[in-house]
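Here the sequence shown stands for residues 2 to 394, numbered as in my numbering.
Some notes on the structure that comes next.
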Amino acid sequence: MKYGVNDHGYYGDFGGAYIPEMLYPNVEELRQQYLTIINDEGFKAEFNDLLKNYVGRPSPLYHAKRYSEKYGANIFFKREDLNHTGSHKINNAIGQILLAKRLGKKRIIAETGAGQHGVATATVCALMGIECVVYMGEIDMARQAPNVSRMKMLGATVRPASSGSKTLKDATNEALRDWIANPVDTHYIIGSVVGPYPYPDMVARFQSIISEETKKQLVEHTGKELPEYVLACVGGGSNAMGMFYHFLDDEQVKLVAIEAAGKGVDSGHSAATTFLGHEGVLHGSRTILMQTPDGQVVEPYSISAGLDYPGIGPQHAHLYKINRAQYVSVTDDEAMQAGLLCSQMEGIIPAIESSHALAQLEKMKFKSSDNVVICLSGRGDKDLDTFIKYFNY
């Protein structure tokens, strides 16, 4: 793959494994074995069986007729919101739990922002009978309380991260500390295309089922497998990388990644990484991140718990730098209005993360023949409290 990872774990200038010495054995074990394991026929059969019969894949590619009329193009939603647990996160969680089992791990840890990855991880640990500990920022625990309850009901221990901004970045820090303290029996299921190599490549491969299905489904809908545009929201970037993956080498397909502008890119309350960030190292990889002149991480902000991350995955950083994908941002207000519009025009309440991608449609001009695919990465059940407060329902 032209835009894939090289033998040293880099995408152009980005990637690598910048890790404490204590984590080297864990990451090296993964690096040496992950491709052999996930390419094994037995692994693929078990993974595909669970995706079909447990997750409910393939997820539909829905032709949004009222949206198509409004925006003057053929608008399709890739319905990851219909997966078991309510988002795309389950795809990667199943892949990594099967990998962890084959590595002989007895304990799973994870970080979560919006709670969807935490729920997905707790779900697969319950399925496999493996101990699960999820780290979550205190602020995210408050605004995503239903997901905290779901994780506990599934048997997971939820540990609050009370340092820094008390959101996803800090939950990730806590999970890394746990992994350093428990290097032998524990596998860390990272939920996005971030972290030290091989995680960005591994997560992208597990999520690539999204674009693999989309190509086949587009043929059924339109007679051709390539759309004109593919849109997805980006925090760390796992749903976007899954949505982009099988279109990367098809350079006529325009890829649009939508970040969280928060209260505005110049407001000091934003998570628009590519606009505000610089090259540096975050959570084990060289990437683009928001940082002060002396290299301290700037606290991100978004109304969406899943997008307030101060960096992006290294493959996204590469696609941005070489202009293979366009990276734009959408404010809280734009996203919330887009979420309401989707609810009332299509009868689908989207996650606030996905609403950022939907909001970008307002800023684009299409030809009537254009086929446009948007990844509806999650459903909005978890965000109802935020929607209710925002709109004063």
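All C-beta atoms, glycine included, are put in the ideal place defined by N, C-alpha and C.
Pairwise C-alpha distance: residue j and residue i
| i | j | result |
| --- | --- | --- |
| G116 | A273 | 21 angstroms |
| Y25 | E70 | 53 angstroms |
| T113 | Y63 | 28 angstroms |
| T124 | L362 | 34 angstroms |
| S355 | G307 | 10 angstroms |
| F276 | F78 | 27 angstroms |
| A101 | L52 | 17 angstroms |
| E29 | L177 | 15 angstroms |
| D202 | G263 | 28 angstroms |
| G340 | E347 | 10 angstroms |
| T173 | P311 | 12 angstroms |
| M244 | Q33 | 27 angstroms |
| H279 | G43 | 42 angstroms |
| K366 | K106 | 50 angstroms |
| E81 | D250 | 23 angstroms |
| A143 | Q253 | 43 angstroms |
| S303 | D14 | 28 angstroms |
| C345 | K364 | Per the sequence shown, the amino acid found at residue 345 is Gln instead of Cys. Their Cα atoms are separated by approximately 20 angstroms. |
| N240 | G5 | 16 angstroms |
| V204 | I191 | 8 angstroms |
| Y72 | P147 | 34 angstroms |
| Y246 | G314 | 13 angstroms |
| H9 | L36 | 14 angstroms |
| Q1 | Y328 | With the chain covering 2 to 394 only, the question about residue 1 has no answer from this structure. |
| S271 | H284 | 19 angstroms |
| K45 | R58 | 15 angstroms |
Beta-carbon proximity of residue i to residue j, cut-off 8 angstroms
| i | j | result |
| --- | --- | --- |
| Q316 | Y12 | yes |
| L219 | E226 | yes |
| N75 | S60 | no |
| S398 | V195 | The structure shown does not extend to residue 398, since the chain is modelled only from 2 through 394, so no value can be given for it. |
| H188 | I91 | no |
| T86 | A121 | yes |
| P199 | V374 | no |
| S193 | G238 | yes |
| H357 | A336 | yes |
| L104 | F48 | no |
| V135 | D179 | no |
| V282 | M291 | no |
| K368 | Q145 | no |
| T387 | I353 | yes |
| D309 | A233 | no |
| N27 | T223 | no |
Strand pairing of residue i, partner residues [DSSP]
| i | result |
| --- | --- |
| S330 | E260 |
| R160 | Y136 |
| T288 | G281 |
| V374 | F77 and V231 |
| R108 | E132 and T187 |
| R380 | P351 |
| S150 | Answer by DSSP bridge pairing: none, since S150 is not bridged. |
| V298 | Q292 |
| G16 | Y11 and R287 |
| A172 | Bridge partners of A172: none, in fact. |
| H64 | F77 |
| K101 | The sequence shown places Ala at residue 101, not Lys. Answer by DSSP bridge pairing: none, since A101 is not bridged. |
Where residue i falls, given that 16 or more other Cβ within 10 Å makes a residue buried
| i | result |
| --- | --- |
| P351 | buried |
| T168 | buried |
| F207 | buried |
| H319 | buried |
| Y394 | exposed |
| S150 | exposed |
| F392 | exposed |
| S370 | exposed |
| S268 | exposed |
| L359 | buried |
| I389 | exposed |
| M152 | buried |
| A111 | buried |
| I323 | exposed |
| D171 | buried |
| L385 | exposed |
| G130 | exposed |
Near the ligand ATP: residue i beta-carbon under 7 angstroms from a heavy atom
| i | result |
| --- | --- |
| L256 | Of ligands this structure carries none, so the ligand ATP is not represented either. |
Inset, instruction - Flag this pair as touching only if the stretch 109 to 124 and the stretch 377 to 386 have three or more C-beta atom pairs under 8 angstroms; answer yes or no. - result: yes
Legend entry - Inter-stretch contact (C-beta, 8 angstroms, three-pair minimum) for the stretch 329 to 347 and the stretch 92 to 109: no
Legend entry - Contact between the stretch 247 to 259 and the stretch 287 to 300 (3+ Cβ pairs under 8 angstroms): no
Legend entry - Inter-stretch contact (C-beta, 8 angstroms, three-pair minimum) for the stretch 163 to 178 and the stretch 124 to 141: yes
Inset, instruction - Please confirm if the stretch 146 to 159 is in contact with the stretch 175 to 185, defined as three or more CB-CB distances below 8 angstroms between the two stretches. - result: no
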